[in-house]
Amino acid sequence: MAIDQTNLASFTRGASKPTQVGFERKEIEKILGLYGRMVAAGNWRDYAMDMRKDVAIFAAFRRASERPQIRIEKRPADRNKQGMWSLHGEHGQVLKRGHELSGVLSPVERQLVKLVSG
11 MAIDQTNLAS
21 FTRGASKPTQ
31 VGFERKEIEK
41 ILGLYGRMVA
51 AGNWRDYAMD
61 MRKDVAIFAA
71 FRRASERPQI
81 RIEKRPADRN
91 KQGMWSLHGE
101 HGQVLKRGHE
111 LSGVLSPVER
121 QLVKLVSG
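Residue 82 in this note's numbering is what sits at position 72 of the sequence shown, and the numbering runs on without skipping anything.
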């Protein structure tokens with residue numbers, strides 16, 4: 011049986027979508043670098059990552075038994091809206107949104123400067 015070339019072309023064009031969202035190497039390096047500095051400052055002690063179909067989440071905890079102090083979310087579906095990155099506080103409030111990870115992490119970076127200098 012011969013394979014129809016038109017069907018083969020649609021098959022190999024990337025018709026399947028990724029099954030989950032994940033962090034790229036540069037992104038996770040930036041997030042874990044911040045996490046390491048916060049651990050050294052004594053503010054965080056544990057973290058968790060969750061990779062779902064529509065969102066990748068990094069959560070940082072003061073203690074493992076508590077709810078996360080911050081959550082960093084990557085939602086590629088919101089890329090053209092307010093940006094795919096968002097920073098959430100301990101009670102779920104959105105602290106910052108943006109198109110660039112470094113801009114979204116800036117409130118935590120400022121908090122780190124206050125912890126180290128104060």
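Built from N, CA and C at the ideal position, the CB exists for glycine as well.
All values reported here derive from a predicted model rather than from experimental measurement.
CB contact flag (residue i, residue j, <8 Å)
{"i": "I80", "j": "G99", "result": "yes"}
{"i": "L111", "j": "M48", "result": "no"}
{"i": "M59", "j": "Q30", "result": "no"}
Distance between residue j and residue i (C-alpha atoms, nearest Å)
{"i": "G46", "j": "K106", "result": "21 Å"}
{"i": "P78", "j": "A70", "result": "5 Å"}
{"i": "I67", "j": "G32", "result": "9 Å"}
{"i": "V118", "j": "L44", "result": "8 Å"}
{"i": "H101", "j": "G93", "result": "21 Å"}
Nearest neighbour of residue i, chosen from the options [CA to CA]
{"i": "R72", "options": "G52, W95 and V65", "result": "G52"}
{"i": "D56", "options": "D64, V65 and L42", "result": "L42"}
{"i": "V65", "options": "G113, A87, A74 and E76", "result": "A87"}
{"i": "K63", "options": "R35, K40, E83 and Q103", "result": "E83"}
Burial state of residue i, where buried means 16 or more other Cβ atoms lie within 10 Å
{"i": "R120", "result": "exposed"}
{"i": "S96", "result": "buried"}
{"i": "R89", "result": "exposed"}
{"i": "V104", "result": "exposed"}
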